[in-house]
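Trainee: Chains as they are written, first to last, in the numbering used here: chain A, 16 to 287; chain Z, 3 to 299.
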């Protein structure tokens with residue numbers, strides 16, 4: 016296992032596009048709170064200085080413990096597309112350089128190769144989870160008016176949920192990479208996947224009776240996005256899901272299994 | 003001698019085309035085994051199958067008497083087609099990956115780089131290398147695990163004459179150290195110069211298998227030229243000639259068993275003919291190869 020990690024790190028850390036994209040990604044993660052602040056300021060300016068239904072947006076406790084765990088986890092999942100592009104690149108490169116072939120000739124079996132790519136997904140997910148955790152701690156400490164140790168980590172379960180969501184998304188990227196093998200096509204599919212899926216759902220909605228509506232939430236990538244649900248509704252006095260639901264946890268894990276199994280199947284059957 | 007590689011009835015189909023057809027081969031330890039064949043004869047496909055990058059449709063193979071696995075591949079150093087490396091990594095970083103895959107010490111890297119003469123350029127990216135350097139790096143990579151068997155597929159492809167000579171010397175050196183080498187090539191001259199054994203493939207089938215040293219054996223052919231009108235008749239009358247043909251200005255006499263050019267010269271002199279040109283043709287692998295291919299049609 017450590018051997019596979021070392022091999023992957025050698026491939027990753029010396030690759031300039033990887034360095035550029037991952038540094039960019041880390042910056043975006045770190046600046047998520049600032050982006051949120053800017054959006055809040057913008058909303059405030061829309062209200063022209065007046066209160067929003069009697070609420071001063073700038074005073075909403077977005078960055079207070081323990082709300083911050085879910086708030087930042089939710090917003091951070093928007094940048095996972097960058098990680099997915101990195102993942103795709105690291106898979107499709109092996110096919111365009113034909114190095115997957117040479118790796119096998121040299122003494123990998125297809126399983127070793129596959130596991131080494133899964134390990135890359137784990138490393139990327141883990142790294143961004145750690146960054147997110149640190150950002151939450153720092154920003155939470157700065158903004159929370161008082162630190163109550165007993166409540167501080169109340170919603171921290173969203174951090175492992177975030178990890179799982181990112182990992183599931185990267186497993187999907189892995190599958191796209193192994194299926195398509197060509198970098199450009201795979202990236203295009205990944206970028207437009209959400210849109211394509213939206214169109215398909217729109218068409219289905221027209222054809223099928225509305226009793227099917229809940230089904231659409233189980234589509235790939237949608238199903239996994241419910242792990243960290245939209246949190247901000249609580250600030251306009253609505254009920255939100257402020258816990259990690261077991262149902263969506265199971266669905267995410269099932270999706271991870273499907274994505275990885277199909278990727279492996281594809282790799283095992285193909286001539287390299 | 004211990005059998006290193008045994009291939010039995012191997013078959014690979016791509017749609018309607020059969021790239022490898024019921025192929026059987028055996029390579030023993032210490033042999034330098036040449037696999038000859040025109041382009042598209044199934045050489046690379048065969049090597050791909052025995053290295054597990056291509057799935058076969060039938061038949062099987064054994065390395066060192068056991069079914070092929072990643073463990074047997076770690077004992078083999080192989081380069082298929084063009085040299086394959088990570089273009090953005092240096093020679094050293096590339097070989098580190100190979101060493102980790104093969105689970106051999108990283109200390110071997112400097113040694114093999116020196117062996118192929120790339121040590122000074124070790125910290126340059128692979129993509130900056132010339133084709134000759136790339137080929138040499140792939141040989142270095144194949145040598146990294148001190149392999150029991152080396153597989154080289156067209157190792158001199160696209161090289162200039164100097165590069166070809168360098169690679170050839172390298173292969174000869176490696177062969178001298180007692181390693182088994184499997185060399186796929188369509189360059190007959192190359193196989194004749196470095197190999198001990200050879201097999202000829204065409205359209206996925208094995209047409210012939212034999213020793214390179216046997217190639218020169220068999221009936222001799224002697225080229226004769228002389229200023230004499232009746233030369234052809236005189237030659238035909240020679241008791242040790244089995245046939246005579248005329249080709250681009252010379253008469254070519256195929257000798258019977260035991261006949262040679264010296265005796266032919268004496269015979270001509272006796273008949274009052276002075277030969278201006280007398281040359282014993284060496285049977286080359288090229289000639290034999292073309293004959294084998296022609297027979298198969």
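All residues carry an ideal CB built from backbone N, CA and C; glycine is no exception. Here the structure is a predicted model, which is why all the values come from computation and not from measurement.
Can you have a look at residue 1 (chain Z) and say buried or exposed, based on whether 16 or more other CB atoms are within 10 angstroms of its CB?
Mentor: Residue 1 (chain Z) lies beyond the stretch modelled for chain Z, which goes from 3 to 299, so this question has no answer here.
Trainee: Could you pull out every unbroken alpha helix (DSSP H) segment of at least 4 residues lying fully inside the region 23 to 95 of chain A, listed in chain order?
Mentor: 31 to 61 and 82 to 91
Trainee: For residue 34 (chain Z), count the other beta carbons within 10 Å of its own beta carbon; 16 or more makes it buried, fewer makes it exposed. Which is it?
Mentor: buried
Trainee: If you check the beta carbons only, do residue 183 (chain Z) and residue 176 (chain Z) fall under 8 Å apart?
Mentor: Yes, the pair counts as a contact, with Cβ atoms nearer than the cut-off.
Trainee: Under 8 Å between the Cβ atoms of residue 280 (chain A) and residue 128 (chain A)?
Mentor: no
Trainee: Whose C-beta lies closer than 6 Å to the C-beta of residue 166 (chain A) among residues of the same chain, with five residues either side of it excluded?
Mentor: Correct list, in chain order: 81.
Trainee: Among A:16, A:273 and A:48, which one has its Cα closest to the Cα of residue 105 (chain Z)?
Mentor: A:16
Trainee: Run through chain Z and tell me which residues come within less than 7 Å of residue 122 (chain A), C-beta to C-beta.
Mentor: 72, 75, 76, 103 and 104
Trainee: Along chain Z, in chain order, which residues have C-beta atoms closer than 9 Å to that of residue 17 (chain A)?
Mentor: The premise fails here: residue 17 (chain A) is roughly 10 Å from chain Z at the closest Cβ pair, so nothing lies under 9 Å.
Trainee: Report buried or exposed for residue 180 (chain A), applying the criterion of at least 16 other Cβ atoms within 10 angstroms of its Cβ.
Mentor: buried
Trainee: Taking only runs of the beta strand (DSSP E) that begin and end inside the region 196 to 230 of chain Z, which ones reach a length of at least 3 residues, in chain order?
Mentor: 199 to 204, 207 to 213 and 223 to 228
Trainee: Where does residue 16 (chain Z) fall in DSSP's three states?
Mentor: strand
Trainee: For residue 30 (chain Z) and residue 179 (chain Z), I'd like the C-alpha separation in whole angstroms.
Mentor: 15 Å
Trainee: Could you check whether the region 87 to 100 of chain A touches the region 231 to 248 of chain A, counting it as contact only if at least three pairs of C-beta atoms, one from each stretch, sit closer than 8 Å?
Mentor: yes
Trainee: Check whether the region 118 to 132 of chain A touches the region 205 to 214 of chain A, counting contact only when three or more Cβ pairs, one atom from each stretch, lie closer than 8 Å.
Mentor: They do not touch, by the three-pair rule.
Trainee: When you compare the CB of residue 162 (chain Z) with every CB in chain A, is at least one pair closer than 8 Å?
Mentor: Residue 162 (chain Z) is outside the set of residues whose beta carbon lies under 8 Å from a beta carbon in chain A.
Trainee: At a Cβ threshold of 8 Å, is residue 149 (chain Z) touching chain A?
Mentor: By this cut-off, residue 149 (chain Z) is not an interface position.
Trainee: Whole angstroms is fine: what's the gap from residue 284 (chain A)'s alpha carbon to residue 54 (chain Z)'s?
Mentor: Cα to Cα, the separation comes out at about 11 Å.
Trainee: Exposed or buried, residue 192 (chain Z), counting other C-beta atoms within 10 Å across all chains shown (16 or more means buried)?
Mentor: With a 10 Å radius around the Cβ and a threshold of 16 neighbouring Cβ atoms, residue 192 (chain Z) comes out buried.
Trainee: Can you list the residues of chain Z that residue 25 (chain A) reaches, using a CB-CB cut of under 8 Å?
Mentor: Correct list: 91, 95, 98, 99 and 102.
Trainee: Rounded to the nearest angstrom, what separates residue 252 (chain A) and residue 75 (chain A) at their Cα positions?
Mentor: 12 Å
Trainee: Find the residues of chain Z that neighbour residue 113 (chain A), judging by a C-beta separation of less than 7 Å, and give them in chain order.
Mentor: Those within 7 Å of residue 113 (chain A) in chain Z are 86.
Trainee: For the beta strand (DSSP E) containing residue 238 (chain A), list its first residue and its last residue.
Mentor: It is not in any beta strand (DSSP E) - residue 238 (chain A) carries neither H nor E in the DSSP assignment.
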